[in-house]
Amino acid sequence: METTVETSRKNSLENFSKEDIMKKYQDLVIILKKAIHNKEVLTQENNDLKVKLEQANSTVKDELIENLTTQKLSLITSLEELKGQKDSFFDRYTTCEKHLIEAEAKISELDIENQSLQRQTKRLNEDNEQLLKHLDCLEKQLKENNLQQQQQEVLESEKQIFYEKLSEKEKIISDLQTSNSELTQKYEELKANIETLEKNYQNAEIIICDLRASIKESTVQREVYLSESDDLNIELHKNKALVEKLQQDLKTMSSKLTDNQIELSGYASDLQNTNEKLKDKLKQFHTKIVKFAMDIKVLKQHKTGILNSFKNYIEQVKTWEVQLKQYSEKIIIEFQDLQTQNSKLKSDNDNLIIQLSNKESQFERFNETEQILQEEKTVLSNSLNEMNTLYTELQRKTNSLEENLAQIDKETTESSIQVNTVEEQISNIKKENSELLEEMNEMNHALKTRGEMISKQEEYCAELLSKIKQKDSIIKEQLESIQHKNEAISNLEKNIVALQNKSEAVEEVNVDAGEELLKKDAEIIRLQKELIQLQEKLNTSQSLDTSQEVGYAESETMSTSTISKTEELNRIKDLDGSWEERYSKLRTLALKLKGKIRDLTAELNKEYNEKMEVQQKLTESMKTCHTLHTQCDKLQDELDENKNKVKDYLRKLDVAALDISNTKKQLADNDETITKLKSDIDVLHKEKTNTDTWKKQISAKVQSLRKEIEANNLLKKNFENQISKLNQQLEAKDKLLKEEIDKHNYTRNSLQESNIECKKQTVLNLEMQDYERSLKDLTQKLDKKQELITKLKNQIDSQKGTVSSVKEENKGLVEQLQNAESNLNATQSEIQAYKKSINDLESIILQKDDKIQNFMQALETCHVENEDLSSQLSKVVAEHQKSYNSLKTEKDYLRGQNMGLEQKLREVSDSLRLKEDELSETHKEYQGYKVRAQSVLRQNQTRDVGLEEKLSEEVASLKTHITNLTSELNDLRVDLEKLTLENSKLTTEKEAFLNKNIELTSAVQDLKKQQEQLCADQQKSITEHAEAIRGLKLHAETLAQFRHNREVIELQSKLEKGTSSTDSLTLLPPISRREQGEGSENVEANSHPIPLNRLLNYESEQEVGFLKKQMNDNEAKVTHLTALLADTEQDLAKHVQMNKLLKEEIRRQQRSVEREKHAENLEYLKNVVFKFATLSSGDERSRLVPVLNTILKFSPEEIHKLNIVARNEIGSRGWSNYIPMWSSMM
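Encoded structure:
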């Protein structure tokens, strides 16, 4: 077969002439030159494309590096700022801890002080009990002294005889009169002091009333604090639950981030493995075209990887946006909750500060009162010591008196006058003792109330201190949580800014990548067109050489890579030789060229297939690019929306900050008013202290005056001793008695001061019983002494002369007393004027108290406003917290992506280096090939002009297509900008519409409120109208009843008259009287038969007519009366109903009157109702029904219903069953 083919080829070549063969050879050479030129053009274009790719990769690398550096710088700055904020927050935390430690120290000091005060009160109570015992002993002694005074009165009656002889001592008496005048003046001064003390006592009672009111207010505040503390505990539990949930979410997010990082590292390792495989494949292919194809494939893979990564990034961006929205909503809710909590905490803190200030003022007051009590205690202790000394002296004197009684029995005649004076003094002392007992009773009541007040206030102080400690711990925890949340908000804001910058950079990178993709697509389209042209040329060459392929099958596998310049020159020289040699050489050349053309066609087919695949992938990539562009546009729109939302939130934050500044200003104003009020209170306290000092001074003056009085009494006694020269012992006894009386006066005053705080009614009753027993004993002793006095009366007769002189002196003293009484009346008028001034001052103090209450109400309103503002702040903080959490997760995710991208960049840089090395090797081979191909090109200098024109036309058409695409892109960008502007306008319009909607809703709510008010007013008017109608009906019915009664009375009178007239008519037949028997034939005994004469003469027809008329009249009257009776029965029924209603209203009013008695005890009512509502068992609730009835005074029906409700008999419908119905209605 081979021989036949060779023979056929030889025959075909031999058939051609040499000129035909030369033409074909020249045509083939021209084709080869064109092919070589096309290859050179392709290699140049490939080199240009590689340079462009390198430039694009370098620009992309630079941009990525710049973006990464900017991101790193922003992150570093944000970290530094966060560190600074952290340090500032730690400083604040330390300062807060110091303040808390100081507050705890103060509280501990106050606890110690409170304990010391309690101990002091216990000691004072013990001292008071001792004083009471001592007073009992003193009163017993007073009773004994009174008995002795009675005995001495008898003696003084006998002494009057002595005073008759003492006419010589008139000069001494005049001196005594002067001293008495001085004493009267002092007595007036003492009365004035007593009146001032009474005023001070009234002021003290007013202060006690104020303290009771403050205690009531403190109890109310305590309950409020308890309720608030419960609410705060509930909110703290809620916050803790939310914090735990957030921590769990953060843990899950961190675990997801670690998983994503692990996946990215695995993806990077997979990419490295694939890169190594690609390197191995690139080393295997050594030919130029195969390497070019492999480079294109690697680029395609890189492009697909980039597209996949871009798709993944877009999906991640979507997921991030969804997460951002979710976390932003969560943060907004948490921020709102935190704002409400912050507002409540602020209000609680302010209330606690106010309470602390109040408690400090109360502690100051208690300290002042304790100081006063201590001073009084010292005074009492001094007085007790003095009383003890006096008691010892009195015991001694009593002993001496008992020894001197024998001598006094002899000298009683002289002491009769003195006894009379002593009797008068004793009567005065008795009166004073009775007054003292009454005052002691009153002071015991006051001491009881004050002791109860002190114990209650001590318990309240202890409870307040415990509450303050609890509140301080709660405030610490909440301040720490607020600090953490503020830090989180600042971090979130910084992360938002960084993410915005990153999103802008990503958008720029996406735009650049899209432009590069468009450029690369245009270049690929150009390459495809050039390949199509080369295929057409190869097809034409194949059609020419198909006839020559039969004889040259032996040299099909020859390659063109071994042809050199020398071989080609030798071939040309051989052609110039013999024709046969030339023919054989041309044959071999043609065969070699055909082999080359076949190889080129195969390579071109491969390239064509590869380019078709590339075209398909490019179309797919174009589609994906379009989808990516649409997604990018959507993302940009969503980013714009998020930016607008962020701006709105920032505006809200600014508004909230302004509101906070305004509230702070208002708080500052309120603080100023509080300081003013405190200054006023301090002034009042100073006035109070001044009055207290004045009281002390007055008491000191009173004591000094009492001492002066005692001294004057001693002088009197001395004068009396000088008058009574006859019996010095009796005079000494008189002096002792007077000294004892003075000492008893002093003890009486000290008892007044001590009994203000110590005495009790039970002790007084016992003392009175002891006093009566001692009086009985003393009366017995007096009887015995009177027997002795009768013996001494004989001696007293001699001393009556002296008594007359003493009487004259007494008359002078009486005149002085009258003058003193006139002075006392003047002082009483002055005291009344002072009382009026005190009442005026009390009215001024009440006005100031009203002002203080008004200021406190204003403060409460300010606190309410602060709570609202703090709730808004907490909402904003919650929103920022949510955004911070979402941004933090995004930040971590982006960091992982950046790490993955950096690894990808490193791998791509390594692959680029390898490709550059391969390109350098291919460039060297290409230069060798170029040198070889230049020899062929020199022989074939003629070019195919038609192909060049086609190529230039295609290039022009491509350029026009590119310009059209660029113009379309610009138009699309302009449209995009327009759409963004329209979107912004629409958003503004939407906001305006929303604001309008809010305003309209508020207006609708106002209208609803007005409508409700109008409805309420209408209902009130309807009820008033109905009540007026009821009153009118009652009035009309009462009038109708009166009329009806009158008519009934009149009809009864008429009936009686009618019956009397009918009785007078005796002309009736006896048959009409048969009705009584009803069928019986018996007739009354009174009815006598009419005689025959009268019957015969009787005109029956006239009487029948008269009777018929009378019957008709009677029937009409009966019908009328029946109608009236029916009306009266109806009226009676109405009146019965009205009577019942009136009785019910009277009972209801009685119950309301009784209910008002219990209206003051609303706290007890609240507790009872709360227990009734909260208890589950029916027995316990039924037990509370009578309690509710006693307070609220229910009717019997209401009590029955309450019992049914308490026993859960109405379908077990409790309070809880109505709550969901109410919520559904809302």
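Under UniProt numbering, the first residue of the sequence shown is numbered 1, with each subsequent residue one higher. Here a beta-carbon is modelled for each residue, glycine too, at the ideal position from N, C-alpha and C.
If you draw a straight line from the C-alpha of K596 to the C-alpha of E918, how long is it? Walking along the sequence shown from the start, residue 596 turns up at place 596. Walking along the sequence shown from the start, residue 918 turns up at place 918. Computed Cα separation, rounded: 25 Å.
In its own chain, which residues sit with a C-beta less than 8 Å from the C-beta of residue 1245, not counting the 5 before and 5 after it? Outside the modelled stretch of the chain, which goes from 1 to 1226, sits residue 1245, for which no answer is possible.
E610 by DSSP, collapsed to three states: which one? Reading the sequence shown from its first residue, position 610 is the one you call residue 610. Here E610 sits in helix by DSSP.
Taking the alpha-carbon of E925 as reference, which of T43, V974, H961 and E80 has the nearest alpha-carbon? Along the sequence shown, read from residue 1 onward, the residue named residue 925 stands at position 925. The shortest C-alpha separation from E925 is found at T43.
Same chain only: Cβ atoms within 7 Å of residue 1229, ignoring 5 sequence neighbours per side: Outside the shown range of the chain (1 to 1226) lies residue 1229, about which nothing can therefore be said.
By how many angstroms is the C-alpha of K678 removed from the C-alpha of E860? Position 860 of the sequence shown, counted from the start, is the residue given in the question as residue 860. Position 678 of the sequence shown, counted from the start, is the residue given in the question as residue 678. Rounded to the nearest angstrom, the two C-alpha atoms are 17 Å apart.
Can you tell me whether DSSP reads N1208 as helix, strand or coil? Working through the sequence shown from its first residue, we reach residue 1208 at position 1208. Correct three-state label for N1208: coil.
According to the neighbour-count rule (16 or more other Cβ atoms, all chains shown, within 10 Å of its Cβ), is Y552 buried or exposed? Within the sequence shown, the letter at position 552 stands for residue 552. With a pLDDT of 39 at Y552, under the threshold of 50, the predicted position of this residue should be treated as unreliable, and no value is reported.
Here's the rule I'm using: 16 or more other beta-carbon atoms within 10 Å means buried, otherwise exposed. How should K836 be labelled? The residue labelled residue 836 in the question sits at position 836 within the sequence shown. So K836 ends up on the exposed side.
C-beta atoms of H1120 and Q1041 nearer than 8 Å: The residue labelled residue 1120 in the question sits at position 1120 within the sequence shown. The residue labelled residue 1041 in the question sits at position 1041 within the sequence shown. No, the pair does not count as a contact, with Cβ atoms beyond the cut-off.
For A590, count neighbouring Cβ atoms within 10 angstroms of its own Cβ and tell me buried if that reaches 16, exposed if not. Locating residue 590 in the sequence shown gives position 590, counting from the first residue. The residue is buried, with at least 16 neighbouring Cβ atoms inside 10 Å.
So, is N312 buried or exposed, given that buried needs 16 or more other C-beta atoms within 10 angstroms? The count along the sequence shown starts at 1 and reaches residue 312 at position 312. Counting Cβ neighbours within 10 Å, N312 comes out exposed, since fewer than 16 surround it.
Short check: CB of E687 to CB of I206, under 8 Å? Taking the first residue of the sequence shown as position 1, residue 687 is located at position 687. Taking the first residue of the sequence shown as position 1, residue 206 is located at position 206. Going by C-beta atoms, E687 is not nearer than 8 Å to I206.
Residue nearest to Q336 in terms of C-alpha spacing, selected from L100, V814, Q881 and D1127: The residue you call residue 336 lines up with position 336 of the sequence shown. Closest by alpha carbon: Q881.
Report yes if the C-beta distance between L869 and S108 is below 8 Å; otherwise report no. Sequence index remark: in the sequence shown, residue 869 carries index 869 (1-based). Sequence index remark: in the sequence shown, residue 108 carries index 108 (1-based). No, these two residues do not count as a Cβ contact at 8 Å.
Starting from the Cα of K851, find the closest Cα among L110, N114 and I681 and give me that residue. Translated into the one-based positions of the sequence shown, residue 851 becomes position 851. Checked all of L110, N114 and I681; the closest Cα to K851 is I681.
I'd like the list of long-range same chain contacts for M1226, defined as Cβ closer than 8 Å, with 5 residues on each side in sequence excluded. In the sequence shown, the residue the question calls residue 1226 occupies position 1226. Note that M1226 scores 40 on pLDDT, short of 50, meaning its location in the model is unreliable; the coordinates nonetheless yield the value given after this. So the list is empty, once near-sequence residues are dropped.
Label T689 either buried or exposed according to how many other C-beta atoms from any shown protein chain fall within 10 Å of its C-beta, with 16 as the threshold for buried. Residue mapping note: residue 689 aligns to position 689 of the sequence shown, counting from 1. Exposed, because fewer than 16 other Cβ atoms sit within 10 Å of the Cβ of T689.
Given a cut-off of 8 Å, decide if T1174 and N644 are closer than it, judged by their beta-carbon atoms. Reading the sequence shown from its first residue, position 644 is the one you call residue 644. Reading the sequence shown from its first residue, position 1174 is the one you call residue 1174. No.
Starting from H1194, follow the alpha helix (DSSP H) in both directions and report where the run begins and ends. To locate residue 1194, count along the sequence shown from 1; it is residue 1194. Note that residue 1194 is Phe in the sequence shown, not His. First-last for F1194: undefined, no H or E at that position.
Taking 6 Å as the limit between beta carbons, can you name the residues of its chain near Q71, skipping five residues before and five after? Start at 1 with the first residue of the sequence shown, and residue 71 comes out as number 71. Nothing meets the Cβ criterion.
For K875, which residues does DSSP report across the bridge? Your numbering for residue 875 matches position 875 in the sequence shown. Q336, per the DSSP bridge assignment.
Taking the beta carbon of N885 as the centre, do at least 16 other beta carbons fall within 10 Å, making it buried, or is it exposed? As a position in the sequence shown, residue 885 is number 885, starting the count at 1. By the neighbour-count rule (16 or more Cβ atoms within 10 Å), N885 is buried.
C-alpha distance - D1006 paired with K996, whole-angstrom precision: By 1-based counting over the sequence shown, the position of residue 1006 is 1006. By 1-based counting over the sequence shown, the position of residue 996 is 996. So the alpha carbons of these two residues sit roughly 15 Å apart.
Would you identify the three-state DSSP class for E19, choosing helix, strand or coil? Residue numbering aside, residue 19 sits at position 19 when the sequence shown is read from its first letter. Helix, per DSSP.
What are the start and end residues of the alpha helix (DSSP H) that includes N1167? For the purposes of this step, residue 1167 is taken as residue 1167 along the sequence shown, with counting starting at 1. First-last of the alpha helix (DSSP H) with N1167: L1162 to T1174.
In angstroms with no decimal places, state the Cα-to-Cα distance between E393 and N114. Mapped onto the sequence shown, residue 393 falls at position 393. Mapped onto the sequence shown, residue 114 falls at position 114. Approximately 42 Å between the Cα atoms of the pair.
Using the Cα positions of S952 and H37, report the straight-line distance between them to the nearest angstrom. Position 952 of the sequence shown holds residue 952. Position 37 of the sequence shown holds residue 37. For S952 and H37, the distance between alpha carbons rounds to 16 Å.
Can you tell me whether L1177 is helix, strand or coil according to DSSP? Position 1177 of the sequence shown, counted from the first residue, corresponds to residue 1177. According to the sequence displayed, residue 1177 carries Ser and not Leu. Of the three classes helix, strand and coil, the one that applies to S1177 here is coil, per DSSP.
Using only CA atoms, which one of I354, L1162 and L778 lies nearest to Q141? The sequence position of residue 141 within the sequence shown is 141, counting from 1. The shortest Cα separation from Q141 among I354, L1162 and L778 belongs to L778.
Cβ-based neighbour list, E1047, same chain, cut-off 8 Å, excluding 5 preceding and 5 following: Residue mapping note: residue 1047 aligns to position 1047 of the sequence shown, counting from 1. Cβ within range, chain order: L1124.
What number of angstroms, rounded off, separates the C-alpha of Y1098 from the C-alpha of R1043? To locate residue 1098, count along the sequence shown from 1; it is residue 1098. To locate residue 1043, count along the sequence shown from 1; it is residue 1043. Bear in mind that the predicted position of Y1098 carries a pLDDT of just 49, short of 50, making it unreliable; the figure below should be weighed with that in mind. About 45 Å.
Have a look at G896 and L68 and give me their C-alpha separation to the nearest angstrom. By 1-based counting over the sequence shown, the position of residue 896 is 896. By 1-based counting over the sequence shown, the position of residue 68 is 68. Answer to the nearest angstrom: the Cα atoms are 13 Å apart.
Do S774 and E126 have their CB atoms nearer than 8 Å? By 1-based counting over the sequence shown, the position of residue 774 is 774. By 1-based counting over the sequence shown, the position of residue 126 is 126. For S774 and E126, no; Cβs fall outside 8 Å.
CA-CA distance, E610 and Q616? Your numbering for residue 610 matches position 610 in the sequence shown. Your numbering for residue 616 matches position 616 in the sequence shown. Between E610 and Q616, the C-alpha separation is close to 10 Å.
Using three-state DSSP, classify H923 as helix, strand or coil. For this step, residue 923 is matched to residue 923 along the sequence shown. Three-state result, H923: helix.
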